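Every position in the sequence shown, counted from 1, becomes a number in the working numbering once 181 is added. Just below is one structure, and these are the notes that go with it.
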Amino acid sequence: MSLRRSIAVLICRLNRNDASCIKTGHGSVGKDEGAMAEISQVSLGDAIYDRVCQDLVEGRLRPNEKVTIRGLAERLGTSSTPVRDAVQRLLRDEALVQRSVRDVRVPVLTTAQYLEIASIRRELEGFAAGRAAEMVGPKEVRRLKKIVERNEAAAVAGRWPQAVKYNQEFHFALVEAAEMPILLAILSGLWLRMGPLIAGYYGREKLGLVRHHQAIIAACENRDPAAATAEMRADIDDAKEGIIRYIESFTIGE
Numbered sequence: 182m183s184l185r186r187s188i189a190v191l192i193c194r195l196n197r198n199d200a201s202c203i204k205t206g207h208g209s210v211g212k213d214e215g216a217m218a219e220i221s222q223v224s225l226g227d228a229i230y231d232r233v234c235q236d237l238v239e240g241r242l243r244p245n246e247k248v249t250i251r252g253l254a255e256r257l258g259t260s261s262t263p264v265r266d267a268v269q270r271l272l273r274d275e276a277l278v279q280r281s282v283r284d285v286r287v288p289v290l291t292t293a294q295y296l297e298i299a300s301i302r303r304e305l306e307g308f309a310a311g312r313a314a315e316m317v318g319p320k321e322v323r324r325l326k327k328i329v330e331r332n333e334a335a336a337v338a339g340r341w342p343q344a345v346k347y348n349q350e351f352h353f354a355l356v357e358a359a360e361m362p363i364l365l366a367i368l369s370g371l372w373l374r375m376g377p378l379i380a381g382y383y384g385r386e387k388l389g390l391v392r393h394h395q396a397i398i399a400a401c402e403n404r405d406p407a408a409a410t411a412e413m414r415a416d417i418d419d420a421k422e423g424i425i426r427y428i429e430s431f432t433i434g435e
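Put into structure tokens, the structure is as follows:
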């Protein structure tokens, strides 16, 4: 399964904060079903890979956080073999980095890397927001409003992991509303790198995430693509200075 396909699938398939979807359907393979057991093991590895991708996209894993095969296996309730395979895939995708034989971590982007990704997101997500404003109907607007309401409620209550999750969900839902699946796959790869950084920054700064999102919804209701594009770009731009400070707060190697 390719990186883009895996990430796009996980957004819909693993939208929970538990491992039930990993445990279900892989634990009762007959002893004489060797071929099926091998297929099941591959499927389990894909599910674990998808789940760790989701944790990165939604910021449950933070920059410079150490990731161990044993720790992931215990948390997900599975054996170490499929976890090891998933970690190797994530290393190849540069979603994780290996600093030594026993030290695998969530990467900390450099300022230059962050600014490059932010500039790409600014153009692509701005374009998607404008496209969504031209296309969305009442059903999609209701969905976007519900996400923003949950986001705001989580932020007010201080539930920052949930607030960050709804922030990411809004960005992806907007691209889905624009009916641009290829763009969604591209952005999913960028969010795989950016998710931990965004979550860590907003969780530390305790900032609200909904002002521009509310304005984007209003632009969609008014069929104003220029306003939707401008608000999405402002949403990304407003975070730049603070995220750069957050990057600079890390001392790699400690």
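Every residue, glycine too, gets a C-beta built ideally from N, C-alpha and C. In this text, all values refer to a predicted model and were calculated from it rather than measured experimentally.
Asked	Found
Could you say which of A293, I301, E275, E330 lies nearest to I367 if we only look at CA atoms?	I301
Take the Cβ of T259 as the centre, count every other Cβ of all protein chains shown within 10 Å, and call the residue buried at 16 or more, exposed below.	buried
Give me the Cα-Cα distance between R286 and Q279, rounded to the nearest whole angstrom.	6 angstroms
Just curious, the alpha helix (DSSP H) that D416 is in, first and last residue?	406-419
Do you know offhand how far A267's Cα is from D405's?	43 angstroms
Quick check on DSSP: helix, strand or coil for I425?	helix
Quick check: what's the CA-CA separation for R270 versus A396?	39 angstroms
Could you round the C-beta distance between A314 and A400 to whole angstroms and report it? I think they count as a contact, below 8 angstroms.	5 angstroms
Which residues in the same chain have their Cβ closer than 8 angstroms to the Cβ of R251, if we skip the five residues on either side of it in sequence?	S261
Relative to the alpha-carbon of D231, which residue among L373, A415, P362 has its alpha-carbon at the smallest distance?	L373
Who are the Cβ neighbours of A354 in its own chain at under 7 angstroms, not counting the five residues just before and after it?	R324, L325, I328
Counting pairs of beta carbons, one from the stretch 415-425 and one from the stretch 331-341, are three or more of them closer than 8 angstroms?	no
Taking all protein chains shown into account, decide if G318 is buried (16 or more other Cβ within 10 angstroms of its Cβ) or exposed.	exposed
For L290 versus L365, is the C-beta distance shorter than 8 angstroms?	no
If I measure Cβ to Cβ from R392 and keep anything under 6 angstroms in the same chain, skipping five residues before and after, which residues do I get?	none
Just mark G226 as buried or exposed, buried being the case when its beta carbon has 16 or more other beta carbons within 10 Å.	buried
Bridge partners of Q279, per DSSP?	V285
How many Å lie between S209 and R426 at the Cα?	Note that S209 has pLDDT 36, beneath the 50 cutoff, so the model's placement of it is unreliable and the number below is only indicative. Rounded to the nearest angstrom, the two C-alpha atoms are 49 angstroms apart.
DSSP on V248, reduced to helix/strand/coil?	strand
Between which two residues does the alpha helix (DSSP H) harbouring A267 extend?	261-273
Would you check if the distance between the CB atom of I229 and the CB atom of L257 is smaller than 8 angstroms?	yes
To the nearest angstrom, how far is it from the Cα of A415 to the Cα of F351?	15 angstroms
What are the boundary residues of the alpha helix (DSSP H) that includes F351?	341-358
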